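First up is the structure itself, then whatever we jot down about it.
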Amino acid sequence: MTANGLSSRDAQQDSEAIGYVLGAVDAMNGRQFCIPSSVTRDEVIQTVTAYLEENSQFQNLEASFFIMNAFRDKYACKPIP
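Per the working numbering, the sequence shown starts with residue 1261, numbered consecutively.
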């Protein structure tokens, strides 16, 4: 799947796209980015769709790479002192 398959219409209506996003986020959270536990599932989907709208030039990237970049930008892990 490419990032284009995660467009706002698809991510909100297509259970496959939502499942893909949530699975990728679950696999990478705490390693590639650090999403606070207070962030809801809807906020996760909104982050991906907003990032795609703002970065449409990346729509042909692998979806997992695109998701990683979207969350690294918004929820970067704090360095361990």
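For every residue, glycine included, the Cβ atom is placed at its ideal position computed from N, Cα and C.
No experiment lies behind these values; they were computed from the predicted model shown.
Inspect the CB distances between the segment 1276-1293 and the segment 1313-1320 and report whether three or more fall short of 8 Å. By the criterion of at least three beta-carbon pairs nearer than 8 Å, the segment 1276-1293 is not in contact with the segment 1313-1320.
Starting from Phe1293, follow its DSSP beta bridges and name the residues at the other end. Per DSSP, Asn1289.
Run through DSSP, which three-state label would Asn1315 get? Secondary structure at Asn1315: coil, using DSSP grouped into helix, strand and coil.
Return the CA-CA distance between Phe1326 and Asp1333, expressed in angstroms with no decimal places. One Cα belongs to Phe1326, the other to Asp1333, and the distance between them is close to 11 Å.
Helix, strand or coil: which one does DSSP assign to Tyr1335? Per DSSP, reduced to three states, the secondary structure at Tyr1335 is coil, with no helix or strand assignment.
Can you give me the C-alpha to C-alpha distance between Leu1312 and Ser1297, rounded to a whole angstrom? Using only the alpha carbons, I get a separation of about 23 Å.
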